[in-house]
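> Next up is a structure, given as structure tokens.
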Amino acid sequence: MIAVTIGTGEYYSKLAHYAARTLGKMTGLKTVVLGDEHFAASGLPYSHHLKLRIFDLVDDDEILFFDSDMVCLNPWNPQRLAKPDALVAVAERLHPMVIRASRDWHIPIHEYFNAGLMIFNRNSHYDWLRETERFVQANPGIPDYDPFDQTPLNITRHRLGLELELLDRRYNWVGFGTGEFEYEVPLFMAHGLKPYYKFANIDFFEGRYKPPFRWHIQINEEETNRLKNQTLCLKGAHQEKSLHLNKDGTIGPPYYPGVGRYWFVHSKPDGLRLAIATETEILREFTKISDNDWESVQELCPVGN
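Right, dumping it as structure tokens:
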């Protein structure tokens with residue numbers, strides 16, 4: 642496996658080389674930056690389309706692709722997560738563009754992935770990438786609400802019926818830095834370090850910006866893995882409700898009321914806690930009563946706020 646990113650122009654070339662160097666140290670993978678020479682030789686209208694020809698540009702059969710604005714913060718093993726027959730990625734957040742694209746192109750909304758981090762291989766995915774390039778060339782500017790290639794990649798994957806393996810958001814945490822919660826969870830790949838500040842990543846790489854990492858929430862991988870794809874009974878506030886815990890760390894259906902969309906299990910001195918979280922904070926925690934029953938400990942934020 643080899644790790645590949647794209648960086649053209651002075652700023653993005655610098656950003657890509659920093660990101661690649663850091664990811665290489667954290668994963669042990671050889672890294673390649675597709676830059677200005679690749680873009681000029683390709684004849685493509687936009688540099689981000691280089692990923693659609695990635696197997697023509699890189700001599701490896703298995704690839705971890707990552708956006709140049711991602712930062713690898715902790716060691717992890719991409720090869721352990723690769724699947725021979727499936728695209729490996731992280732589900733996109735449910736913002737209006739995703740909802741609209743899923744509706745317009747009949748993509749199951751829980752299958753719409755963020756294209757900033759993908760693990761794929763030549764045997765299963767070469768034709769998919771080329772089909773996406775054909776789609777983009779035949780439909781320039783479509784959809785008009787997504788100027789990049791993320792929605793076309795989702796459209797063609799769904800049309801071709803390619804398998805999709807979704808990881809939890811620690812492997813592609815979009816919107817990192819919008820709340821305190823992100824600094825407490827030891828994630829692997831942050832998709833940007835500071836919203837609305839373009840130079841935060843380079844400032845981080847060059848030592849001028851130090852995010853307030855605390856990482857005191859320790860994910861219990863064993864119990865988290867056990868609960869994946871399980872439907873639990875949650876008890877609290879004189880009521881019981883069922884909740885389905887998806888394999889990728891999202892919830893439902895059945896869903897959690899309000900804005901709780903994510904779950905994980907972490908270890909505390911008094912035992913395990915099942916946490917229900919939003920994009921930016923933990924809403925509620927539950928303690929284990931039995932394998933499939935968990936009881937509320939405390940509500941940390943009013944549901945719906």
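All letters in the sequence shown, in the order written, are residues 642 to 946 by our numbering.
We put the CB at the ideal spot given by N, CA and C, even for glycine.
Here's the rule I'm using: 16 or more other beta-carbon atoms within 10 Å means buried, otherwise exposed. How should W856 be labelled?
exposed
> Please go through the stretch 805-878 and give each complete alpha helix (DSSP H) segment of 4 or more residues, from N-terminal end onward.
841-846 and 862-868
> Buried or exposed for Y838, please, with buried defined as at least 16 other CB atoms from any protein chain shown within 10 angstroms of its CB.
exposed
> Starting from S948, follow the alpha helix (DSSP H) in both directions and report where the run begins and ends.
Residue 948 lies beyond the residue range present for the chain, which begins at 642 and ends at 946; the question has no answer from this structure.
> From I892 to A681, what distance separates their C-alpha atoms?
44 angstroms
> Rounded to a whole number of angstroms, what is the C-alpha to C-alpha distance between V906 and F776?
A direct Cα-to-Cα measurement between V906 and F776 gives close to 41 angstroms.
> Measuring straight from C-alpha to C-alpha, what distance separates Q791 and A756?
6 angstroms
> Rounded C-beta distance between D934 and K876? I'm assuming under 8 angstroms.
7 angstroms
> When you compare the stretch 817-824 with the stretch 738-750, are there three or more beta-carbon pairs, one atom per stretch, that lie closer than 8 angstroms?
no
> Going by the C-beta, is H751 closer than 7 angstroms to any heavy atom of the ligand MG?
In terms of ligand content, the structure shown is empty, and the ligand MG therefore cannot be addressed.
> Can you give me the Cβ contacts of G650 inside the same chain, cut-off strictly under 6 angstroms, excluding the 5 residues immediately before and after it?
Within its own chain, no residue has a Cβ closer than 6 angstroms to the Cβ of G650 once the five positions on either side in sequence are excluded.
> Is the beta carbon of L913 less than 8 angstroms from the beta carbon of E806?
no
> What would DSSP say about I695, mapped onto helix, strand or coil?
helix
> From E597 to K655, what distance separates their C-alpha atoms?
Given a span of 642 to 946 for the chain in the structure shown, any question on residue 597 remains unanswerable.
> Could you give the residue range of the beta strand (DSSP E) that holds G912?
G912 to A918
> Quick check on the DSSP output: the alpha helix (DSSP H) that includes S743 runs from which residue to which?
P737 to D745
> With distances taken between CB atoms, is the gap from A831 to M711 smaller than 8 angstroms?
yes
> Just to confirm before moving on: does the CB-CB distance between K671 and I643 stay below 8 angstroms?
Yes, these two residues count as a Cβ contact at 8 angstroms.
> Starting from I796 and walking both ways along the alpha helix (DSSP H), at which residues does that stretch end?
Segment Q791 to L801, the alpha helix (DSSP H) holding I796.
> Let me confirm a value: Y668 is counted as buried when at least 16 other C-beta atoms fall within 10 Å, else exposed. Which label applies?
Per the sequence presented here, residue 668 reads as Thr, with Tyr not at that position. With 16 or more other Cβ atoms within 10 Å, it is buried.
> Just list the residues that DSSP pairs Q880 with in beta bridges.
Its beta-bridge partners are G877.
> On the DSSP bridge list, what partners appear for I750?
Partner(s): none; I750 has no beta bridge.
> Could you tell me whether the stretch 659-667 touches the stretch 691-710, using the rule of 3 or more Cβ pairs below 8 angstroms?
Yes: the two stretches touch, three or more of their Cβ pairs being nearer than 8 angstroms.
> Measuring alpha carbon to alpha carbon, tell me which of L758, T928 and R763 ends up nearest P910.
T928
> In this structure, does DSSP put T649 in helix, strand or coil?
Here T649 sits in coil by DSSP.
> Taking DSSP's pairing of strands, which residues face D700 in a bridge?
For D700, which the question treats as bridged, DSSP gives no partner whatsoever.
> Please work out which residues of its chain come closer than 8 angstroms, Cβ to Cβ, to Y850, disregarding the five sequence neighbours upstream and downstream, and give them in chain order.
L834, K835, A841 and D844
> If L758 and A730 are in contact, beta carbons under 8 angstroms, what's the gap, nearest whole angstrom?
Right, the Cβ-Cβ distance comes to about 6 angstroms (below 8 angstroms), so this counts as a contact.
> By the 10 Å Cβ neighbour count, where 16 or more other Cβ atoms means buried, how is T872 classified, buried or exposed?
Taking every protein chain shown into account, the CB of T872 has fewer than 16 other CB atoms within 10 angstroms, so this residue is exposed.
> For F761, count neighbouring Cβ atoms within 10 angstroms of its own Cβ and tell me buried if that reaches 16, exposed if not.
That one is buried.
> Report the rounded CA-to-CA distance for Y896 versus I796, giving the unit in angstroms.
C-alpha separation (whole angstroms): 26 angstroms.
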